[in-house]
Structure formats: C-alpha cells, structure tokens
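Read through the structure below, which is laid out as structure tokens, and then see the notes.
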Amino acid sequence: MDKIFGIDLGTTLSEISYLKNGKPVVVTLENGRKYLPSVVGIDPSGKIITGFSAQNQYAAFPENTVVSIKRKMGSGQTLTMGAKSYTPAEISAEILKTLKSFAEKEAGLPVEKVVITVPAYFTDAQRKDTIKAGEIAGLEVVRIINEPTAAALAYGCREDGLEKILVYDLGGGTFDVSLIIAEEGVIEVLASDGNSQLGGDDFDRRLEEYFISHLPENAV
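Sequential numbering from 5 applies to the sequence shown in my numbering.
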C-alpha cells in the first residue's frame, strides 16, 4: 500500500507529515524546524529559493520574493520574480517541492501521493489551483481536505455518538469558522465562512502602523 503524506500548505507556514508505526510524524525541515515559511524567491544568482532563505532576503529584495501566495490561489493572476512571470500554482509548487524533498530524506522513500488541506471556504478555482500546484511539484493529490475537518480529526471526535463542534482557524493569512457535525467517525461541515485577507500577518501590520504613527517624526 502506498504511503500518503499530509500537507498543510499555509499562507505563512507549511508542514508535511506521515504515519510511522501508526503514529503521525511531522517532518523536520529547514534549520531543524517542523515548519517551512511559505515564501518563494529568486536569489541574486538567479536560483529559486524557498523557506527561511527566501524569507531572509525579502526585506532586501521584495521585488524578487513572493509571500502569502495562498491568498492568490485561483485568482488567475500572475506574479513577477526577476524577469519571469509565475502563476500562483507555480509559486506554490516550489514550496511543495521543498516539502517533498525533506520528507523523502527523512522517510527514506519517494513522496508521490499527498493529501492537502485548504480553508473550508476555498472556491472550486482555488482548490483546482492547489491540485495543479501538486501536479507541477510531481505529486498526486489524492484528496483535498477542509482544514476544520482535519482539525476535528486531530481533536479526536467521538466515534460512538453525535457531536457538534465549532472550529475557529486563525492562521497567518486567513481566518475561517466552521460548524461541523461528527457522527460515528464521519465528519460533515454544516456551515462555514471566513476571510482570506485576515490573519496574524494583518495583526502584525496594523501593530506596526500603530506604533509608527505614535513615534516622533524624526524617530522613523
């Protein structure tokens, strides 16, 4: 039976995991962290870089670095890095390629099939773009799972009764709320709503603007 890896392709951070001896294992990524910044860039030599390397060059080379690409999925827009244009799926694929590489080294086997989580409110176009990103990265996306459903599974819903759960998912770039019902191990999303332009990054930006506005003019 083929091993299927699980991927959290987040707005600001991404992770990949798999089952080992029946228990979930989160792959160790760049710099010994369990997460990878969802940042893609082109370094001065023209090489595509991801993760912390791309994040570290963002302040100096913002025109050659893309952040929060998840917010662009399904938009049909193109983004420019260096002298070349990329689709959101192509940018996301670079993040997936990096996750794939680290996972193959740790698990000692090829990563071919994956499940990727997305916000419950993601449109069909956004979901298709996510699948496209996987294909570009050489992955077969066997299933797209709503993030609140994945959270409910991790939480451990009862298998012997009926349970209603309200899931709040506040990430780095998105915020969504879902009402789910779990009955005998089956999870169904009853209702969901969210905002793809509200997350931790936005809190950081507003705090930055607030403090700058309260500093003396000559202090900035």
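Ideal Cβ placement from N, Cα and C applies to all residues, glycine included.
Residues near A156 by beta carbon distance below 7 Å, same chain, minus five either side: One-based indexing of the sequence shown puts residue 156 at position 152. Here the set comprises I169, V171, I184, A186, I191.
Whether V31 touches A107 by CB criterion (8 Å): On the sequence shown, residue 31 is found 27 positions in, with the first residue counted as 1. On the sequence shown, residue 107 is found 103 positions in, with the first residue counted as 1. Closer than 8 Å, so yes.
Ranges of the alpha helix (DSSP H) found wholly within the segment 21-68, counting only runs of at least 4: List check, alpha helix (DSSP H) in window: 55-61.
Identity of the residue in Q59, L219, S72, I216 nearest G176 by Cα: Walking along the sequence shown from the start, residue 176 turns up at place 172. Checking every option, the nearest Cα to that of G176 belongs to S72.
For Y125, three-class secondary structure by DSSP: Walking along the sequence shown from the start, residue 125 turns up at place 121. Coil.
Cβ-based burial, Y245 [other Cβ within 10 Å; buried from 16]: The shown model of the chain, from 5 to 224, leaves out residue 245, and the question about it has no answer.
Distance between L166 and I52 (C-alpha atoms, nearest Å): Counting from 1 along the sequence shown, the entry for residue 52 is found at position 48. Counting from 1 along the sequence shown, the entry for residue 166 is found at position 162. When rounded, the separation of the alpha-carbon atoms in I52 and L166 is 48 Å.
Start-end ranges of the beta strand (DSSP E) lying completely within the segment 64-98, minimum 3 residues: The segment 64-98 contains these whole beta strand (DSSP E) runs: 69-71, 83-85, 88-90.
Three-state secondary structure assigned by DSSP to D205: Residue 205 sits at position 201 when you count from the first residue of the sequence shown. In the three-state DSSP reduction, D205 falls in the helix class (H, G or I).
Closest Cα partner of G78 within the set E212, A141, K101, R131: Within the sequence shown, residue 78 is the residue found at index 74, counting from 1. Closest by C-alpha distance to G78, out of E212, A141, K101, R131, is R131.
Whole-angstrom distance between F215 and V115, CA atom to CA atom: One-based indexing of the sequence shown puts residue 115 at position 111. One-based indexing of the sequence shown puts residue 215 at position 211. The straight-line gap separating the alpha-carbon atoms of V115 and F215 is approximately 45 Å.
Selection from T54, G36, G55, F65 that minimises the alpha carbon distance to P48: Against the sequence shown, residue 48 aligns to sequence position 44. Out of T54, G36, G55, F65, F65 has the C-alpha closest to the C-alpha of P48.
Residue from E213, K104, N35, V181 with nearest C-alpha to V145: Walking along the sequence shown from the start, residue 145 turns up at place 141. With respect to the C-alpha of V145, the residue from E213, K104, N35, V181 having the closest C-alpha is K104.
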